[in-house]
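First comes the structure, then the notes that go with it.
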Amino acid sequence: MIEKSTRYRQYSDHLVKKFGQKVYKLPVNLPGSCPNRDGIVGRGGCIFCDEEGAGFECLPNTLSITQQIQENKDFFIRRFNAKKFIVYFQAFTNTYLPLPQFKENILAAAAEEDIVGISISTRPDCINDSYLDFLQEIKLQRGLDINIELGLQTVNYHTLTKVNRGHTLAEFIDAVQRIKQRNFEICVHIILNLPWDNPLDVIENAKILTALGIHYVKLHSLYVVKGTALASIYERGEFKIIPLEEYITRVVTFLEYLDPEVVIQRLVGKGPQDNQLFSNWSTSWWKIKQAIEHTLAEKDTWQGKKCDYLNGKALKF
Ligand code: SF4
């Protein structure tokens, strides 16, 4: 049951229920690349990707993984008296590292005290059985909670092609099936206002993630970072960002069609601070989050309200 007070399943509450206390994520930034930037799958990357590969909140990757974990851990202990942590491999495509190097980094994270979980961010076309089998061993040996974060952004494979993702929906479905065979949880990143997506795509995003049994979702609005391919078409006026009110409507619609069991890790991203042409309508992420929550209450709606389309909806018996 979704609490009427929140109207969507919140990640912080979920972590407390799961681990019996607050748990903090320690972002780790490994030196790496992405097959969509280095030419293996594509060049130039996704049209919205900046050089930092979505690692703008991380410490520099010149620090060792142990140093990064320690520095971040010290911060959370000092500030919040934190006791339990999840190591979050955040920037770039972490399973794109060669297998021996990937293993080394995961083992370094798993060896840390107070670590209850590992979260690994990657692309759907970088999910492979050998990497997953290794993670399964670690999970069994160390009793760690392991989840995989997949960047998808939209289920609309025409849009995925236009944003130069280098994969379409098929690779995502394959990755989800392989991960689920090992019983790891899956988090999916979705952008609800990509230039070529309309409100129907918003609903289909929710329906497909629900049908596939995804566990977590992170929603982001579209950022336009200077120097990206997206910035060029934005500056040429080839697309306009939808107004904030419409974005809020899209988030509410997405939640209505989403399985009420899915945990929402993020309703709106924080966005890069510098070097941006557009980020979150120049409004703080916190205010946007509040506006979404306010709209849910005003419309007396909630996550899963319209999730009635699976298991032979057309049948009457
Ligand atoms: S997959 Fe991620 S790191 Fe690679 S180009 Fe796209 S946004 Fe950048």
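The opening position of the sequence shown corresponds to residue 2 in my numbering, with each subsequent residue numbered one higher.
Don't be surprised by glycine CBs; every beta carbon is placed ideally from N, CA and C.
N-terminal and C-terminal residue of the beta strand (DSSP E) that L193 is part of: Segment: none, L193 is in no beta strand (DSSP E) and carries neither H nor E.
Alpha helix (DSSP H) runs contained entirely in the region 209-256, provided each spans 4 or more residues: 230-236
Closest Cα partner of Q11 within the set L311, E262, R79 and A212: E262
Own chain partners of K290 with C-beta closer than 7 Å, once the 5 adjacent residues on each side are dropped: L268 and V269
As assigned by DSSP and simplified to three states, the class of E105: helix
Given A112 as reference, the closest of I187, D309, L145 and F81 once Cα atoms are compared: L145
Alpha-carbon to alpha-carbon, P61 and F174: The sequence given here has Ile at residue 174, not Phe. Spanning the two alpha carbons is a distance of roughly 33 Å.
P125 and A176 closer than 7 Å at C-beta: yes
Alpha-carbon to alpha-carbon, H216 and E186: 6 Å
Beta-carbon proximity of F103 to C35, cut-off 7 Å: no
Distance cut-off 6 Å: C47 Cβ against heavy atoms of the ligand SF4: yes
For Y224 and Q277, believed in contact at Cβ under 8 Å, the rounded distance: 6 Å
R124 beta carbon near the ligand SF4 (any heavy atom closer than 6 Å): yes
Own chain, CB closer than 6 Å to G167, minus 5 neighbours either side, in chain order: N37, V42 and G43
Assigned secondary structure, S283 (DSSP; H/G/I helix, E/B strand, else coil): helix
C59 Cβ short of 6 Å to the ligand SF4 heavy atom set: no
Closer than 6 Å: F90 CB and nearest the ligand SF4 heavy atom: no
Residue environment, H221, which counts as buried when at least 16 other CB atoms sit within 10 Å: buried
Inter-residue CB distance, Q191 and V226 (contact presumed, cutoff 8 Å): Here the sequence assigns Ile to residue 191, which means Gln is not the residue at that position. Incorrect: roughly 19 Å between the Cβ atoms, too far for contact.
Helix, strand or coil at I319 [DSSP, three-state]: Residue 319 is absent from the model: the chain starts at 2 and stops at 318.
C35 beta carbon near the ligand SF4 (any heavy atom closer than 6 Å): yes
For D75, the three-state DSSP class (helix, strand or coil): helix
Sequence-distant residues of the same chain with beta carbon closer than 6 Å to V203, five excluded per side: L193, R251, T254 and F255
N- and C-terminal bounds of the beta strand (DSSP E) containing I128: First-last for I128: undefined, no H or E at that position.
S65 versus Y97, G238, N106 and E150, residue with shortest Cα-Cα distance: N106
Neighbour-count burial assignment, D51, 16 or more Cβ in a 10 Å radius: buried
For Q154, the three-state DSSP class (helix, strand or coil): strand
Helix, strand or coil at P1 [DSSP, three-state]: With the chain represented from 2 up to 318, any question about residue 1 goes unanswered, as that position is not in the structure.
Every unbroken alpha helix (DSSP H) within the region 261-317, with a cutoff of 4 residues, ordered by chain: 286-299
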